[in-house]
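Visitor:
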Amino acid sequence: MQNIVIMGGGVIGLSCAFELRKRGHSVTLLEIGQCGGQASGAAAGMLAPYSENLEEPDEFFHLCVDSLRLYPAWQAEIRHVSGQDFEYTNSGSLYAVYHEADILALEGRLLWQRAFGSSGSIVEGEELRRIEPGISSEVKAALHTPEESHIYAPHYVQALEQACRNTGVRIIENLESVSIVDWHRVQPGGAQAALQQHGQGMGQEPQRDQAQTPSREIAVRSKDGREFRAERLVVCSGAWAQELSGTIALPLPIYPIRGQICAYHNAEHTVRGMVFNNQGYVVAKDNGTVVCGASEDVAGFDTSVTEKGIDRLRKWNKRLFPSLEREIPFHRWAGLRPSTQDGRPLLGALEASEQIVFAAGHYRNGILLSPVTAKIVADVIDGLELPSYYPAFAPERFSHMVLR
Ligand SMILES: Cc1cc2nc3c(=O)[nH]c(=O)nc-3n(C[C@H](O)[C@H](O)[C@H](O)COP(=O)(O)OP(=O)(O)OC[C@H]3O[C@@H](n4cnc5c(N)ncnc54)[C@H](O)[C@@H]3O)c2cc1C
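Mapping of the sequence shown onto my numbering: position 325 corresponds to residue 338, and the numbering continues sequentially without gaps.
#1: Any heavy atom of ligand 1 closer than 7 angstroms to the CB of W253?
#2: I'd like to know if the region 260-274 and the region 283-291 are in contact, where contact means that at least 3 CB-CB pairs between them fall below 8 angstroms.
#3: Considering only the beta carbon of each residue, do E189 and L27 sit closer than 8 angstroms?
#4: Kindly list the residues whose CB is nearer than 7 angstroms to the CB of E113, restricted to its own chain and excluding five residues on each side of it in sequence; keep chain order.
#5: Give a single yes or no on whether C177 has its beta carbon closer than 7 angstroms to a heavy atom of ligand 1.
#6: From what residue to what residue does the beta strand (DSSP E) around G306 run?
#7: For H157, list the residues DSSP reports as bridge partners.
#8: Ends of the beta strand (DSSP E) at H75?
#9: Which whole-angstrom value describes the C-beta separation of A109 and A155, a residue pair presumed to lie in contact below a C-beta threshold of 8 angstroms?
#10: Using only alpha-carbon positions, find the residue among A347, L257, A30 and R285 that is nearest to N103.
#11: I believe V233 touches V295 by the beta-carbon criterion, under 8 angstroms. Please report the beta-carbon distance rounded to the nearest angstrom.
#12: Thinking C-beta only, is I261 closer than 8 angstroms to L119?
#13: From G105 to S401, what distance separates their C-alpha atoms?
#14: Taking the alpha carbon of G181 as the reference point, which residue from G49, H38 and E230 has its own alpha carbon closest?
#15: Report the option in P351, E320 and Q255 whose CA atom is closest to the CA atom of H344.
#16: How many whole angstroms separate the CB atoms of V248 and A52, which I take to be in contact at a CB cut-off of 8 angstroms?
#17: Using the Cβ count rule (16 or more neighbours within 10 Å means buried), how would you classify G322?
#18: Report the residue from A391, K298 and E398 whose alpha carbon sits nearest the alpha carbon of M14.
#19: Per DSSP, what kind of secondary structure is Q292 in: helix, strand or coil?
#20: By DSSP, does S412 sit in helix, in strand, or in coil?
#21: Compute the distance between the beta-carbons of H116 and I144, then report whether it is under 8 angstroms.
#22: Write down the C-beta distance between F241 and T41 rounded to the nearest angstrom, noting that I regard them as a contact closer than 8 angstroms.
#23: In three-state terms, what does DSSP make of I19?
#24: Can you name, in chain order, every residue of its own chain whose Cβ lies under 6 angstroms from the Cβ of Q47, other than the five neighbours on each side?
#25: With a cut-off of 8 angstroms on the beta carbons, I'd call E72 and A405 a contact; round off their distance for me.
#26: So D79 and V385 are supposed to be a Cβ contact under 8 angstroms. How far apart are they, rounded?
#27: Nearest-angstrom Cα distance between E433 and S162?
#28: Could you give the distance in angstroms between the alpha-carbon of G374 and the alpha-carbon of L360?
#29: Could you give the uninterrupted runs of the beta strand (DSSP E) lying entirely in the region 353-412, keeping only those of 3 residues or more?
#30: So the candidates are P70, H75 and I19; which of them puts its Cα closest to the Cα of L381?
#31: In the DSSP output, which residue or residues are listed as bridge partners for V40?
#32: What are the boundary residues of the alpha helix (DSSP H) that G272 is part of?
#33: Between the C-alpha atoms of V370 and Y277, what's the straight-line distance to the nearest angstrom?
#34: Rounded to whole angstroms, how far is the Cβ of G379 from the Cβ of I25, which I believe are closer than 8 angstroms?
#35: Comparing alpha-carbon positions, which option in I184, D237 and S250 lies nearest G21?
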């Protein structure tokens, strides 16, 4: 059993906390705002590795498919432990194309995706319209993938938080800031050297007597001066994880990419399931709404919703479902996807210090990737065998970049 501090209470931090607690570790989760208050609560909730990976079965695709496979058991456990539902819906998906020439590309995708668990097929004409009667007559064909599912993300995050609380994870919210103040770095020769950084910008002394704590522990401090010590720190601070770059002397190219998204009432049952095209997606939720997303804006940490952004979504939506043109979105919101330089998350312990384990930068797929991330993080901490693709997500892979 290890003492573990988790930095960040989005879907990734909560999933890691739940899995680690389940395996018997003592877990404290620290959140500067509120759990689920950032990207995770804003997500559309699609569990769609086949529709999100169009090119080739690379390591990222394997990670995504492994997570989709874990979902049925994972979501059942979260529902059971939390006592809360979050509309896990095995709807399948359609990926729509508008030109005959694009059908060839769909066939190519289908070929390799079948080798990795998809029972997909290309649907056209009557069959396509039987699945989605309201789809535009402009749509020539679609790749139907029965394995893809979706959940209602805000409720999923709430259920995860409840499941964590029910199993004894200590959750502390509204901390405003949390930073690493003491950690141990393995020097190239193998020796351990203590690297101390004392509360820069905090203006307060730690409340705990450091002489009482074993030197192998890592320490983080919150704005109110509280200090939390643990054997491991799991960094799950999403788009904010880049802030640690200076502290650990490692380039962490994680950037916020704003996603604007909106919802319509689906009173006429216009949309039945989950439909993508090359510009966006629409998903029918059990609560009688259709969620339509999402823009990809470079806007720093700004989560405002713009007329231009929503107008663009409305243009895409009507190319999929013309009757949506008559509808006005009743809800518009935005979140900050944690994007990395290569689009893949940072997963695993630092070479320079096993104390620090990264689980950040899940970009467009953090909801999908939550079970597999929790499993990998817990396996790293428990010293268990890791999947062969694990090295592709090493947090050090950007170390050649210049540290700013
Ligand atoms: C519009 C939109 C639609 C999306 N749709 C989907 C989808 O359909 N399917 C899918 O799989 N994914 C989707 N995503 C992506 C998904 O939401 C993200 O990948 C996922 O939420 C990332 O989770 P996270 O926990 O890493 O980040 P976050 O949810 O952003 O959580 C990070 C948390 O860390 C906290 N924090 C920051 N710094 C610190 C610190 N120093 N100490 C403590 N806490 C800190 C923050 O306050 C925040 O709560 C979507 C995203 C958006 C924006």
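All residues carry an ideal CB built from backbone N, CA and C; glycine is no exception.
Guide: Concretely, from the data shown:
#1: The answer is yes for W253.
#2: Contact fails: fewer than three Cβ-Cβ distances are below 8 angstroms.
#3: With respect to L27, E189 sits apart: the two C-beta atoms are not nearer than 8 angstroms.
#4: Result list for E113: K153, in chain order.
#5: No, Cβ of C177 sits at least 7 angstroms from all heavy atoms of ligand 1.
#6: Here the beta strand (DSSP E) through G306 covers T302 to G306.
#7: Paired residue(s): L107 and S134.
#8: Careful: H75 lies outside any beta strand (DSSP E), inside the alpha helix (DSSP H) at E72 to S95.
#9: So it is a contact: roughly 5 angstroms between Cβ atoms.
#10: Answer by Cα proximity: R285.
#11: In this structure V233 is not in contact with V295, their Cβ atoms being roughly 41 angstroms apart against a cut-off of 8 angstroms.
#12: With contacts defined by Cβ atoms closer than 8 angstroms, L119 and I261 do not form a contacting pair.
#13: Computed Cα separation, rounded: 28 angstroms.
#14: Looking only at G49, H38 and E230, the smallest Cα-Cα distance to G181 is reached by H38.
#15: Looking at the Cα atoms, E320 is the closest of the given residues.
#16: Actually they do not touch by this definition, with Cβ atoms about 15 angstroms apart.
#17: G322 is buried by the Cβ-count criterion.
#18: A391 is the residue among A391, K298 and E398 whose C-alpha sits nearest the C-alpha of M14.
#19: Three-state DSSP puts Q292 in coil, outside helix and strand.
#20: Reduced to three states, the DSSP call for S412 is coil.
#21: Position check: residue 116 holds Ile in this sequence, whereas His was assumed. Not in contact: I116 and I144 (Cβ atoms no closer than 8 angstroms).
#22: Rounded to the nearest angstrom, the Cβ distance from F241 to T41 is 6 angstroms, consistent with a contact under 8 angstroms.
#23: Three-state DSSP puts I19 in a strand.
#24: Here the set comprises E186.
#25: Indeed they touch by this definition, with Cβ atoms about 4 angstroms apart.
#26: Right, their Cβ atoms sit about 5 angstroms apart.
#27: Outside the displayed range of the chain (14 to 417) lies residue 433, so it cannot be described from this structure.
#28: Separation of G374 and L360 (C-alpha to C-alpha, rounded to the nearest whole angstrom) is 9 angstroms.
#29: As far as the region 353-412 is concerned, its whole beta strand (DSSP E) runs of at least 3 residues are 359-363 and 366-373.
#30: Here the closest residue by C-alpha is H75.
#31: V40 pairs with I17.
#32: Annotation for G272: no alpha helix (DSSP H) segment contains it, though the beta strand (DSSP E) segment containing it runs I267 to H278.
#33: Per the coordinates, the alpha-carbon of V370 lies some 40 angstroms from the alpha-carbon of Y277.
#34: That belief holds up - the Cβ atoms of G379 and I25 are roughly 6 angstroms apart, short of 8 angstroms.
#35: Taking only the C-alpha atoms, the option nearest G21 is S250.
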